[in-house]
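Here the structure is laid out as structure tokens; the discussion comes afterwards.
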Amino acid sequence: MHDSRIAEDPKERARLLARRAYERGRLRLGLLPALLTLLFTLISLSLGREPLYSGAIGLGLAAIAVLFTYRGGIPGRAVLPGLVAGMPPLLFPWALRSVGHYCTSGSCHSLCLLGCVSGGLVAGFLLGKWATNQSARYTFLASGGILATGAGLLGCTMAGAAGMVGMSAALVLSSVPILMLSPTPSGAR
17 MHDSRIAEDP KERARLLARR AYERGRLRLG LLPALLTLLF TLISLSLGRE PLYSGAIGLG
77 LAAIAVLFTY RGGIPGRAVL PGLVAGMPPL LFPWALRSVG HYCTSGSCHS LCLLGCVSGG
137 LVAGFLLGKW ATNQSARYTF LASGGILATG AGLLGCTMAG AAGMVGMSAA LVLSSVPILM
197 LSPTPSGAR
């Protein structure tokens, strides 16, 4: 939409150009976590995951990371911690594979499920601890939790629905009590 009055008013034109530059910068900033989600997707594919599942989850995770970063605020601050917290449930299956255990969606043992649940517990603990220092603790936890869950799903799809639900439940069950039991910083909600 072009308004000739904006083009004629130098102050309004400068404001518009500054706003566009700011928005482009925010979008570029969002591409950095998107590259991290691409790495996560490649790890998932290296584990022998279905390309369709890994691609869909990875694409969704990248879109959420870019959106949260672009929008900024508490969700924007939760992007990197959420992705880092999602690394244990993503990487535990990779670690199991390196010691000779092989998980696939068609053939998986209880060790795979244990790896997913353990990864979810670690992810939830990390997010819970990081959220205790935030002014909007529960918003930070929810935003970071969405990203951590997405990253964890990339590693836990091999354990089927039980692995994915177990990882997600463990993340929630280990993060919320930390927030509930920790002292609320001044100005926190």
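Count along the sequence shown from 1, add 16, and you get the number used in our numbering.
Here a beta-carbon is modelled for each residue, glycine too, at the ideal position from N, C-alpha and C.
Because the structure is a prediction, the values reported are computed rather than measured.
Whose C-beta lies closer than 7 Å to the C-beta of glycine 182 among residues of the same chain, with five residues either side of it excluded?
Within the sequence shown, numbered from 1, the residue matching residue 182 stands at position 166. Hits under 7 Å: Leu129, Cys132, Val133, Gly136.
Within the continuous alpha helix (DSSP H) that includes leucine 130, where are the two ends?
Reading the sequence shown from its first residue, position 114 is the one you call residue 130. Residues 126 to 147.
Assuming the contact rule is C-beta atoms closer than 8 Å, cysteine 172 and proline 91 should be a hit. Round their C-beta distance to whole Å, please.
Stepping through the sequence shown from its first residue, residue 172 is reached at position 156. Stepping through the sequence shown from its first residue, residue 91 is reached at position 75. Actually they are not in contact, since the Cβ atoms of cysteine 172 and proline 91 sit about 23 Å apart, beyond 8 Å.
Have a look at methionine 17 and proline 97 and give me their C-alpha separation to the nearest angstrom.
Taking the first residue of the sequence shown as 1, we reach residue 17 at position 1. Taking the first residue of the sequence shown as 1, we reach residue 97 at position 81. A caution first: methionine 17 carries a pLDDT of 48, below 50, which makes its placement in the model too unreliable to give a value.
Report, in whole angstroms, the separation of the C-beta atoms of leucine 143 and leucine 157, which I expect to be a contact under 8 Å.
The residue labelled residue 143 in the question sits at position 127 within the sequence shown. The residue labelled residue 157 in the question sits at position 141 within the sequence shown. Right, the Cβ-Cβ distance comes to about 6 Å (below 8 Å), so this counts as a contact.
Taking 9 Å as the threshold (C-beta atoms), are alanine 94 and threonine 53 in contact?
Here residue 53 is taken as the residue at index 37 of the sequence shown, counted from 1. Here residue 94 is taken as the residue at index 78 of the sequence shown, counted from 1. Their beta carbons are not under 9 Å apart, which means threonine 53 does not touch alanine 94 by this criterion.
Hey, which unbroken runs of the alpha helix (DSSP H) at 4 residues or more fall wholly within the segment 55 to 124?
67 to 87, 89 to 93, 95 to 101, 103 to 114
Given a threshold of 16 other Cβ atoms within 10 Å of its Cβ, counted over all protein chains shown, does valine 138 qualify as buried or as exposed?
As a first step, residue 138 must be located in the sequence shown, where it is residue number 122. Under a 10 Å Cβ-count criterion, valine 138 is classified as buried, with 16 or more other Cβ atoms of the shown protein chains found around its own Cβ.
For glycine 140, does the count of other Cβ atoms within 10 angstroms reach 16, so buried, or fall short, so exposed?
As a first step, residue 140 must be located in the sequence shown, where it is residue number 124. That one is buried.
State buried or exposed for methionine 196, treating a residue as buried only when at least 16 other CB atoms are found within 10 Å of its CB.
Against the sequence shown, residue 196 aligns to sequence position 180. Here methionine 196 is exposed: its Cβ has fewer than 16 other Cβ atoms, across all protein chains shown, within 10 Å.
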